[in-house]
Amino acid sequence: MLVYAQGNTPAKNRLYQMGINANLEEISELFYIFGFQNDSWSPFNKITTTRLFLFYVKNAKFALHH
48 MLVYAQGNTP
58 AKNRLYQMGI
68 NANLEEISEL
78 FYIFGFQNDS
88 WSPFNKITTT
98 RLFLFYVKNA
108 KFALHH
């Protein structure tokens, strides 16, 4: 399962990135996280400004039951 997120303004994208950064340890337990920068997807980096976010569920059982 994939989850895609993008704010409709740069400020909302920044808010999403701050939320991910603040909860990265917990989110990383459940999802692989990717960010879209420079016209390509790469693993999420706390330092790099990201325009788009992609979350991929690590455990298929979690995706089916929650």
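Residues in the sequence shown are numbered consecutively from 48, following this note's numbering.
No residue lacks a Cβ here, since even glycine has one placed at the ideal position from N, Cα and C.
- Contained beta strand (DSSP E) runs [length at least 3] in the region 63-100, N- to C-terminal order: 78-84 and 87-90
- Take W88 and list the residues in its own chain whose beta-carbon comes closer than 6 angstroms to its own, dropping the five residues that flank it on each side. In the sequence shown, counting from the first residue as 1, residue 88 sits at position 41. Taken in chain order, the residues that qualify are F81.
- Between T56 and N106, what straight-line distance do the alpha-carbon atoms span, to the nearest angstrom? In the sequence shown, residue 56 corresponds to position 9, counting from 1. In the sequence shown, residue 106 corresponds to position 59, counting from 1. Taking the straight line from one Cα to the other gives about 31 angstroms.
- Task: Pull up the DSSP beta-bridge partners for A27, would you.
- Result: The question about residue 27 has no answer, for the chain in this structure spans 48 to 113.
- Spatially closest choice to K93 from M65, N60 and Y51, by CA coordinates: Taking the sequence shown and counting its residues from 1, the one referred to as residue 93 is at position 46. The shortest C-alpha separation from K93 is found at M65.
- Task: Tell me whether N60 sits in a helix, a strand or coil according to DSSP, three-state version.
- Result: As a working note, residue 60 is residue 13 in the sequence shown. Correct three-state label for N60: helix.
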